[in-house]
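S.K.:
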Amino acid sequence: MIPLSWYLYLAAGLFALGLFGAVARRNAVAILMSVELMLNAVNINLVAFWRYLAPAEIGGQVFAIMVFAVAAAEVAVGLALIISIYRGRKTVAADEINLMKW
Amino acid sequence: MSFWQDPIAVIGQLILDLLHSLNLPEGWIVFIYTLISVVAVASFGLLLVIFLIWLERKVAARFQDRVGPNRAGPFGLLQTFADMVKLVTKEDVVPEKADKLIFNLAPILSLIAVLLIWAVVPFAPGWIGTDLNVGVLYIAAVGSFGILSVLMAGWSSNNKYALLGAFRAVAQLISYEVPMLLTMMIPVLLARGMGMVQMVTVQDTWFIFLAPAAGIIFLVSSIAEIGRTPFDLLEAESELVAGYHTEYTGMKFGMFFAAEFLHAFTVGVLFAILFLGGWRGPGAEEIPILGMFYLMIKGFLGYFVVMWVRSTLPRIRIDHMMAFNWKFLTPVALALLILTALLDKIFAGTALRLPALLGANLVVLALGYWISTLMSRRQAKERTKFKKRPVAKPA
Amino acid sequence: MTVEQGIFLFIGFVILFSAFMMVTRSNLIHAALYLVLVLFGVAVLFVLLDAGFLAVVQIIVYIGAIAILMIFAVMLTRGNVTGEAISMNSVFGWGLLLCSLFGFALIIMLGQWPGAAALAPALPANWNEVSELGVALVSPQGYVIPFEVASVLLLAALIGAIVVARPPQKDE
Chain P
48 MIPLSWYLYL AAGLFALGLF GAVARRNAVA ILMSVELMLN AVNINLVAFW RYLAPAEIGG
108 QVFAIMVFAV AAAEVAVGLA LIISIYRGRK TVAADEINLM KW
Chain W
63 MSFWQDPIAV IGQLILDLLH SLNLPEGWIV FIYTLISVVA VASFGLLLVI FLIWLERKVA
123 ARFQDRVGPN RAGPFGLLQT FADMVKLVTK EDVVPEKADK LIFNLAPILS LIAVLLIWAV
183 VPFAPGWIGT DLNVGVLYIA AVGSFGILSV LMAGWSSNNK YALLGAFRAV AQLISYEVPM
243 LLTMMIPVLL ARGMGMVQMV TVQDTWFIFL APAAGIIFLV SSIAEIGRTP FDLLEAESEL
303 VAGYHTEYTG MKFGMFFAAE FLHAFTVGVL FAILFLGGWR GPGAEEIPIL GMFYLMIKGF
363 LGYFVVMWVR STLPRIRIDH MMAFNWKFLT PVALALLILT ALLDKIFAGT ALRLPALLGA
423 NLVVLALGYW ISTLMSRRQA KERTKFKKRP VAKPA
Chain E
403 MTVEQGIFLF IGFVILFSAF MMVTRSNLIH AALYLVLVLF GVAVLFVLLD AGFLAVVQII
463 VYIGAIAILM IFAVMLTRGN VTGEAISMNS VFGWGLLLCS LFGFALIIML GQWPGAAALA
523 PALPANWNEV SELGVALVSP QGYVIPFEVA SVLLLAALIG AIVVARPPQK DE
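Protein chains in written order, with this note's numbering: chain P, 48 to 149; chain W, 63 to 457; chain E, 403 to 574.
Here it is, written out as structure tokens:
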């Protein structure tokens, strides 16, 4: 049997890695990927808590599905923005997209 | 139960007894037993390919008024083995600038994606890799590995034609996945569940009678999924050399090739399970091996249709292909899904269920066809309306 | 160690390793493929957690759609395909510090939480995950409003993505 803590440790590690990617990567697509890592870490937690603490309530799985929907929407809009920016400025490096910075 | 009626159950019991006699812990017995069944199902698929390639070549030859392979062995049955020897002994070329790891992984992934489908195929009563309660969805899920393998192959080859072919292929595969999934949901609605075993056991009337339009759309979009003519734009040799597997040689190409053939037959088997009642047939419940026989007959029927279409139709243009999907198949499949859900709920348990569903299917198909021809005619008219026609002048 | 634990440890290692590779590779296609590996690993975890439906949806949505979209985006923004000169931005040291602190804090907190050692209770008898989930998603006592809002969100995102990404039309 796997104790709940294993899943939580794994999710914590995954979340921290995703956070690092989102903070430190230069490429906007890579930042989006790192955000996906964090969302997945959250999903692992949601499903693990559902399974270990409240298996009779389906809520944990419903929340995971909501995360799927949000992730799909986020990626679609995010990549559209990135492609649109690339078309205008020929770069996707996040620190070069600084028109609104003073 | 005798060996000849249900060989799989007998052999399975033998292996289980053997494992128990080794005094292993229970978890390991389950693990090893599962591993053995995985290997058995996968090798069944791989062995089938050898026969399928021979069959396809024979049938295609008959369509083109040729004889087909007839030199190696009786009826040319050993031809595929000769081909395999040829492929294995060929030089294995990897392009200098290729991304080696991804380049080598792609053909394996493409074959795995197809073999994984066989894990949920119910061959006969009790003969199934695993009866997932989300079987139909699982089939859709493993299909995405196929798309991934195409993209990996196209990108890692470091070849413009391969990359363009991969782009085209992915656009086509993703687009045609939409009507395929929608029509796969219709048998799910009718069977009240996504499990493959349940799908077969509830089909007292074959679903092709309850949902003929869905069956046709499923078959058409599946042909596009496997990239066969008339949807073989992903390897249109006059435009793209050979598409995403341009750079592949020897057995790596052979893997793509085998995956494509197996996928074509798998589509036939899926069509048989979803719409033609799977292993159902006289006496199949008592004698499982008969069920296997029926499933194979039905599967080859679907496969034959795929081959027939392949030998009959020319390749269609890429914009026509996309328009056909988004302007005809997808709307019709959506309408069918909603109508089926409504009618099946209204007429559940009454004698009117069959005629109502059948009628609705035919009406939707006819309406869809009528509207799409109307639209395309209007479009053609608008295209030509304001155009100055070139006038032939005497020189 | 049971077979289940062995599978978990292996998959956990694969997930963390691929996640690490994903955030550090400068070749974005490799990063995207490592992302696929992470997503697949998470799907396996869902299977271990008796959430088969979520596992399959994870593969369809994440690998079949999101990861492929990512790869497409990487290829369309081609200047950066084969590796940028610098894959990290100038403050990545601070990011490393922040994330390792955050990660350690999480792990220490988890270590002190007594509930973390819980084992999975048995699922209710006759458990049918798919129908439970389906009923919960559309019943008024359940989650019908979040479900509808999510579908509106997806539609809005779909239209928005098309509008944003479409090249400017000549005749407009």
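Glycine included, every Cβ here is placed at the ideal spot set by N, Cα and C.
Since this is a predicted model, take the numbers as computed values, not measurements.
1) Are the C-beta of residue 147 (chain P) and some C-beta of chain E separated by less than 9 Å?
2) When Cβ atoms are compared, which residues of the region 123–149 of chain P fall closer than 8 Å to chain E?
3) I'd like to know whether the C-beta of residue 485 (chain E) is nearer than 9 Å to at least one C-beta of chain W.
4) Taking only three categories from DSSP, how would you classify residue 342 (chain W)?
5) Where in the region 123–181 of chain W do unbroken runs of the alpha helix (DSSP H), each at least 4 residues long, occur, reported from the N-terminal end onward?
6) Between residue 125 (chain P) and residue 440 (chain E), what straight-line distance do the alpha-carbon atoms span, to the nearest angstrom?
7) Quick one: which chain E residues come within Cβ less than 9 Å of residue 70 (chain P)?
8) Comparing alpha-carbon positions, which option in W:162, W:120, W:295, W:421 lies nearest residue 432 (chain E)?
9) Can you confirm whether residue 548 (chain E), when its beta carbon is compared against all beta carbons of chain P, has any partner nearer than 9 Å?
10) Hey, could you find the ends of the alpha helix (DSSP H) residue 74 (chain P) is sitting in?
11) Cβ of residue 116 (chain P) less than 9 Å from any chain E Cβ?
12) Indicate whether the contact test is met: 3 or more Cβ pairs, each with one atom in the region 157–172 of chain W and one in the region 88–101 of chain W, closer than 8 Å.
13) Taking the alpha-carbon positions, what's the residue 80 (chain W) to residue 192 (chain W) distance?
14) What residues are listed by DSSP as bridge partners for residue 189 (chain W)?
15) With 9 Å set as the bound, which would you pick, yes or no: does the beta-carbon of residue 466 (chain E) sit closer than that to a beta-carbon of chain W?
16) Thinking C-alpha only, which one of P:107, P:142, P:90, P:51 is nearest residue 97 (chain P)?
17) In chain E, which residues lie with their C-beta within 8 Å of the C-beta of residue 82 (chain P)?
18) Could you give the distance in angstroms between the alpha-carbon of residue 259 (chain W) and the alpha-carbon of residue 66 (chain P)?
19) Is there a Cβ of chain E sitting closer than 9 Å to that of residue 205 (chain W), yes or no?
20) Is it buried or exposed for residue 267 (chain W), if we count other Cβ within 10 angstroms and need 16 for buried?
21) In the DSSP output, what is residue 490 (chain E) paired with across the bridge?
22) Hey, how far is the Cα of residue 72 (chain W) from the Cα of residue 104 (chain W)?
23) As a quick exercise: from W:452, W:453, W:75, W:391, pick the residue whose alpha carbon is nearest that of residue 433 (chain W).
24) With distances taken Cα to Cα, identify the nearest neighbour of residue 386 (chain W) among W:368, W:237, W:216.
25) DSSP three-state label for residue 527 (chain E), please.
26) Are residue 140 (chain P) and residue 87 (chain P) close, meaning C-beta to C-beta below 9 Å?
27) Using beta-carbon positions only, say whether residue 249 (chain W) and residue 273 (chain W) come within less than 9 Å of one another.
28) Which residue or residues does DSSP assign as beta-bridge partners of residue 140 (chain P)?
29) By the 8 Å beta-carbon criterion, what residues does the region 185–211 of chain W contribute toward chain E?
M.R.: With the given structure in hand:
1) Along the first sequence, read from residue 1 onward, the residue named residue 147 (chain P) stands at position 100. By this cut-off, residue 147 (chain P) is not an interface position.
2) 123, 124, 126, 127, 128, 129, 130, 131, 133, 134, 137, 138, 139, 140, 141, 142
3) Sequence index remark: in the third sequence, residue 485 (chain E) carries index 83 (1-based). Bear in mind that the predicted position of residue 485 (chain E) carries a pLDDT of just 48, short of 50, making it unreliable; the figure below should be weighed with that in mind. No, because no Cβ of chain W sits closer than 9 Å to the Cβ of residue 485 (chain E).
4) In the second sequence, the residue the question calls residue 342 (chain W) occupies position 280. Note: residue 342 (chain W) maps to coil in three-state DSSP.
5) 141–151, 162–179
6) Against the first sequence, residue 125 (chain P) aligns to sequence position 78. Against the third sequence, residue 440 (chain E) aligns to sequence position 38. Answer to the nearest angstrom: the Cα atoms are 20 Å apart.
7) For this step, residue 70 (chain P) is matched to residue 23 along the first sequence. Under the 9 Å cutoff, chain E gives 491, 493, 494, 496, 497, 498, 500, 501.
8) To locate residue 432 (chain E), count along the third sequence from 1; it is residue 30. Cα-wise, what sits closest to residue 432 (chain E) is W:162.
9) The residue given as residue 548 (chain E) occupies position 146 in the third sequence. Interface residue, yes.
10) By one-based count along the first sequence, residue 74 (chain P) stands at place 27. Neither: residue 74 (chain P) is in no alpha helix (DSSP H) and is coded neither H nor E.
11) Position 69 of the first sequence, counting from 1, holds the residue named residue 116 (chain P). Closer than 9 Å to some Cβ of chain E, the Cβ of residue 116 (chain P) qualifies, so yes.
12) no
13) The residue you call residue 80 (chain W) lines up with position 18 of the second sequence. The residue you call residue 192 (chain W) lines up with position 130 of the second sequence. Distance between the alpha carbons of residue 80 (chain W) and residue 192 (chain W): 22 Å.
14) Residue mapping note: residue 189 (chain W) aligns to position 127 of the second sequence, counting from 1. According to DSSP, which records beta bridges pairwise, residue 189 (chain W) is partnered with W:186.
15) The residue labelled residue 466 (chain E) in the question sits at position 64 within the third sequence. By this cut-off, residue 466 (chain E) is an interface position.
16) By 1-based counting over the first sequence, the position of residue 97 (chain P) is 50. Ranking P:107, P:142, P:90, P:51 by Cα distance to residue 97 (chain P) puts P:107 first.
17) Counting from one through the first sequence, the residue named residue 82 (chain P) turns up at place 35. Simply none; closest approach about 11 Å.
18) Reading the second sequence from its first residue, position 197 is the one you call residue 259 (chain W). Reading the first sequence from its first residue, position 19 is the one you call residue 66 (chain P). Spanning the two alpha carbons is a distance of roughly 43 Å.
19) Position 143 of the second sequence, counted from the start, is the residue given in the question as residue 205 (chain W). So, interface residue.
20) Position 205 of the second sequence, counted from the first residue, corresponds to residue 267 (chain W). By the 10 Å Cβ count, residue 267 (chain W) comes out exposed.
21) Taking the first residue of the third sequence as 1, we reach residue 490 (chain E) at position 88. P:72, per the DSSP bridge assignment.
22) Here residue 72 (chain W) refers to the residue found at position 10 when the second sequence is read from its first residue. Here residue 104 (chain W) refers to the residue found at position 42 when the second sequence is read from its first residue. Going by the C-alpha atoms only, they are around 19 Å apart.
23) Start at 1 with the first residue of the second sequence, and residue 433 (chain W) comes out as number 371. For residue 433 (chain W), the nearest C-alpha among the options comes from W:391.
24) Within the second sequence, numbered from 1, the residue matching residue 386 (chain W) stands at position 324. Checking every option, the nearest Cα to that of residue 386 (chain W) belongs to W:237.
25) Sequence index remark: in the third sequence, residue 527 (chain E) carries index 125 (1-based). The answer is coil: DSSP assigns residue 527 (chain E) none of H, G, I, E or B.
26) As a position in the first sequence, residue 140 (chain P) is number 93, starting the count at 1. As a position in the first sequence, residue 87 (chain P) is number 40, starting the count at 1. No. Outside cutoff.
27) By 1-based counting over the second sequence, the position of residue 249 (chain W) is 187. By 1-based counting over the second sequence, the position of residue 273 (chain W) is 211. Yes, they are a contact pair.
28) Residue mapping note: residue 140 (chain P) aligns to position 93 of the first sequence, counting from 1. In the DSSP output, where bridge partners are listed per residue, residue 140 (chain P) has P:74.
29) 194, 195, 196, 199, 200, 202, 203, 204, 205, 206, 207, 209, 210
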